[in-house]
Amino acid sequence: MNEGFETLAIHAGQEPDPHTGAVVPPIYAVSTYKQDGVGGLRAGYEYSRSANPTRSALEEALAAVEGGARGLAFASGLAAEDTLIRTVCEPGDHVLIPGDAYGGTYRLFSRVLSRWGLSFDPVPLGDLDAVRAAMRPETKAIWVETPTNPLLGIADIVALAQIAHESGALLLVDNTFASPYLQQPLALGADVVVHSTTKYVGGHSDVVGGALVARSGELGERLTYHQNAIGAVAGPFDSWLTLRGLKTLGVRMDRHCDNAERVVDMLLSHKKVTEVLYPGLPGHPGHEVAAKQMRRFGGMVSFRVAGGEEEAVAICGRTRLFTLGESLGGVESLIEHPGRMTHASAAGSPLEVPADLVRLSVGIETIDDLLADLSEALG
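Going by full-length UniProt numbering, the first residue of the sequence shown is number 1, and it counts up by one from there.
Given below as structure tokens:
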């Protein structure tokens, strides 16, 4: 029986506790486990870095909602990214990354992994000819964000999977902005999906985490080995909070999308807004691809303003309901200036973002209140 997304999010890996009947997996705040004799693991547990029942429940649910063979939960999205790259690459290898990748991802590649001997090139992933031209014999992976952060660019997962696989490389897709509810990269040919579960999966701005979901069991086993060896695992309480968030992801994403569409409509008509970046707009260069591979277009909206950087920063300081803060994907609306905040690490690089750009994470509040707040801040 093929169960629906919401059913999997609520039930996968979450059978009622056999001892008590508890319908929510308990928080197993435990570091070690009694063994049934030397080397005799009870239910496969020996030490909570290697496995923990609360984390196992989350990992099974993540694999189910992404349609993968193996899910893994980490202490942060960047911990997941680092473990993934060190699993599938080695010094001397090469990776393609988005031309407008998340600043933390760029920092990881440029200032950490490059010292490990890994080379990389930023490429506009919407330009398939540019991607083909950038591939090298030593290219082991194409790293994809779609939509990207913060310019909301769209990449064609099916086409990029074909390019990667023809060259013997892997396609790795950061699905954070779309969430598993809106987009299923593994079904489109990706080999591994990456998440900052801090964002939409957790959904309540109260837990930091990351995840990997592998399409194949073999790659899943390799990732599991490195997860244990590197050790940046999600703790039991963090896993429990993230699992709680996953249960309501579907209904939350519907509201995020509803509200974002209304915000986009308002911004399009405002005299101070010079450009609105949202893949749901017919004029967006990636709109047709996004419509093909996404259920809806998400809760993230970016826009540029007349008056440049000074005005963009001022708008971020004038909102009341849109809280000035980094991160995204929570039930509350956030506003930020990427150039000075989340993407400051990309300043002066090919990934530097426009100074007049404002990014919104549109929450699930009453939409009329959000529109009034933005309208007042814009002036």
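We put the beta carbon where it would ideally sit given N, CA and C, even for glycine.
Our contact map puts residue i next to residue j with C-beta atoms below 8 Å; I'd like the distance itself, whole angstroms only.
| i | j | result |
| --- | --- | --- |
| Thr197 | Ala211 | 5 Å |
| Asn175 | Gln183 | 6 Å |
| Leu371 | Phe322 | So it is not a contact: roughly 11 Å between Cβ atoms. |
| Ala190 | Arg215 | 7 Å |
| Ser239 | Thr54 | 5 Å |
| Arg304 | Glu275 | 4 Å |
| Arg147 | Phe177 | Here residue 147 is Pro; the residue named in the question, Arg, does not match the sequence. Yes, they are in contact, since the Cβ atoms of Pro147 and Phe177 sit about 5 Å apart, within 8 Å. |
| Gly68 | Val193 | 7 Å |
| Leu351 | Pro122 | 6 Å |
| Val112 | Val144 | Actually they are not in contact, since the Cβ atoms of Val112 and Val144 sit about 20 Å apart, beyond 8 Å. |
| Leu328 | Met300 | 6 Å |
Taking residue i as the reference, give the member of the options with the closest Cα.
| i | options | result |
| --- | --- | --- |
| Met135 | Leu160, Gly330, Ser114, Asp156 | Leu160 |
| Leu219 | Ser205, Leu170, Arg255 | Leu170 |
| Gly308 | Arg42, Pro25, Ala133, Val273 | Val273 |
| Ala61 | Arg296, Ala346, Leu277, Val213 | Val213 |
| Val73 | Gln227, Val301, Pro98, Asp36 | Per the sequence shown, residue 73 should be read as Ala rather than Val. Of the listed residues, the one whose Cα sits closest to Ala73 is Gln227. |
| Arg252 | Gly298, His94, Val208, Gly280 | Gly298 |
| Pro98 | Ile315, Val201, Val131, Thr54 | Val131 |
| Thr91 | Ala75, Trp116, Tyr106 | Here residue 91 is Pro; the residue named in the question, Thr, does not match the sequence. Checked all of Ala75, Trp116, Tyr106; the closest Cα to Pro91 is Trp116. |
| Ala260 | Glu275, Ala229, Arg296 | Arg296 |
| Gly348 | Arg107, Pro180, Ser50 | Arg107 |
| Thr242 | Lys140, Asp129, Ala75 | Ala75 |
| Arg42 | Tyr33, Ala79, Trp143 | Tyr33 |
| Arg340 | Arg244, Val331, Asp356, Gly329 | Asp356 |
| Ser114 | Val123, Arg86, Pro18, Leu128 | Arg86 |
| Ala9 | Val65, Lys292, Asp17 | Val65 |
| His284 | Leu152, Arg111, Ala29 | Leu152 |
| His343 | Lys247, Val123, Gly103 | Gly103 |
| Glu59 | Arg320, Gly71, Pro26 | Gly71 |
| Pro185 | Val207, Val208, Ser167, Ile154 | Ile154 |
| Arg359 | Val263, Val289, Leu281, His287 | Val263 |
| Pro137 | Glu166, Leu78, Asn52, Val30 | Glu166 |
Which of helix, strand or coil does DSSP assign to residue i?
| i | result |
| --- | --- |
| Arg359 | strand |
| Ser349 | coil |
| Val30 | coil |
| Leu268 | helix |
| Arg42 | strand |
| Glu261 | helix |
| Val23 | coil |
| Met294 | strand |
| Leu246 | helix |
| Leu324 | strand |
Going by DSSP, what residue range makes up the beta strand (DSSP E) through residue i?
| i | result |
| --- | --- |
| Glu3 | It is not in any beta strand (DSSP E) - Glu3 carries neither H nor E in the DSSP assignment. |
| Leu96 | 94 to 98 |
| Met300 | 300 to 305 |
| Thr139 | 139 to 145 |
| Leu334 | 334 to 336 |
| Ser119 | 119 to 123 |
| Leu277 | 273 to 277 |
Over the uninterrupted alpha helix (DSSP H) stretch that includes residue i, give me the two end residues.
| i | result |
| --- | --- |
| Pro53 | 53 to 66 |
| Gly317 | 308 to 318 |
| Asp156 | Asp156 -> no alpha helix (DSSP H), and no H or E assigned at all. |
| Ala134 | 128 to 134 |
| Asp373 | 367 to 378 |
inquiry  = Please give me, in chain order, every unbroken run of the beta strand (DSSP E) with length at least 3 that falls completely inside the segment 163 to 243.
reply    = 170 to 174, 192 to 195, 210 to 214
message = Just to confirm the assignment: which complete alpha helix (DSSP H) runs, minimum length 4, are found wholly within the segment 68 to 112?
response = 77 to 88, 103 to 107
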